[in-house]
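A quick write-up on the structure given underneath.
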Amino acid sequence: MDRTETCAFSESKVYPGHGSRYIRRDGSSYIFINAKSKSLFLQKKKAAKILWTHCWRRKNKKIKAEEVTRRRARKTARVQRAIVGISAEEIRKKRNQKPQVRAAAREAALREAKERSKTKKAVTKPEGAKKMLAQKSAAPRANKKTGNRGAI
Numbered sequence: 002m003d004r005t006e007t008c009a010f011s012e013s014k015v016y017p018g019h020g021s022r023y024i025r026r027d028g029s030s031y032i033f034i035n036a037k038s039k040s041l042f043l044q045k046k047k048a049a050k051i052l053w054t055h056c057w058r059r060k061n062k063k064i065k066a067e068e069v070t071r072r073r074a075r076k077t078a079r080v081q082r083a084i085v086g087i088s089a090e091e092i093r094k095k096r097n098q099k100p101q102v103r104a105a106a107r108e109a110a111l112r113e114a115k116e117r118s119k120t121k122k123a124v125t126k127p128e129g130a131k132k133m134l135a136q137k138s139a140a141p142r143a144n145k146k147t148g149n150r151g152a153i
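Residue numbers 2 to 153, in this note's numbering, belong to the letters of the sequence shown in order.
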């Protein structure tokens, strides 16, 4: 076989020596398998609405169209790099530590931070400040007036 072409209307194969060629005034050429296809094309009928065309059969899933398989994207491997304060090896060691060891270290750090904040508070607050706070909280609060008095 030399080469087959497809019908401009029905999309069926047109073998060499078969079909007819139609050339428009603008120079575009169309190949048709038979007069029926040519006639429907010239009537400006839509191939997707005519049941026997490949276009309709593909649209209505009568022909098994070749499925385009998606390429699997490779997952990028995460690389741990060193940060200003810590080297990459130290980060790796911390990551590989058992959770119990990590939890214990976290608790110790929390305890230390709490103690530090307690000592800081004790230093900054003088004795008179505590009494002032107690008096302020004991003072009665004026009730906030609510509602819309005088509204029509």
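The beta-carbon is built from N, C-alpha and C at its ideal position, and this holds for glycine as well.
Residue environment analysis places SER88 among the exposed positions, since fewer than 16 neighbouring C-beta atoms fall within 10 angstroms of its C-beta. When C-beta atoms of the region 4-21 are compared with those of the region 29-43, three or more pairs fall below 8 Å, so the two segments count as touching. Here VAL15 is buried, its C-beta having at least 16 other C-beta atoms within 10 Å.
Of GLN44, THR120, ALA74, HIS55, the smallest CA-CA separation from LYS65 is found for HIS55. Remark: C-beta atoms of ARG58 and LEU52 approach each other more closely than 9 Å. Distances from the CA of GLN44 to each of LYS119, PHE10, LYS122 were compared; the closest alpha carbon is that of PHE10. Residue pairing by DSSP puts GLU6 in a beta bridge opposite VAL15. The three-state secondary structure of ARG75, taken from DSSP, is coil. It is roughly 28 Å from the alpha-carbon of ILE92 to the alpha-carbon of GLU116.
Around the beta carbon of ALA123, fewer than 16 other beta carbons lie within 10 angstroms, which makes this residue exposed. Spatial neighbours of GLU6 in its own chain (CB-CB distance under 7 Å, excluding positions within 5 residues in sequence) are listed in chain order as VAL15, ILE32. Put simply, of ARG96, GLU113, LYS37 the residue whose alpha carbon is nearest the alpha carbon of SER13 is LYS37. Exclusion of the five residues before and after LYS50 leaves no residue of its chain whose Cβ lies closer than 6 Å to its Cβ. Secondary structure of ILE32 (DSSP, three-state): strand.
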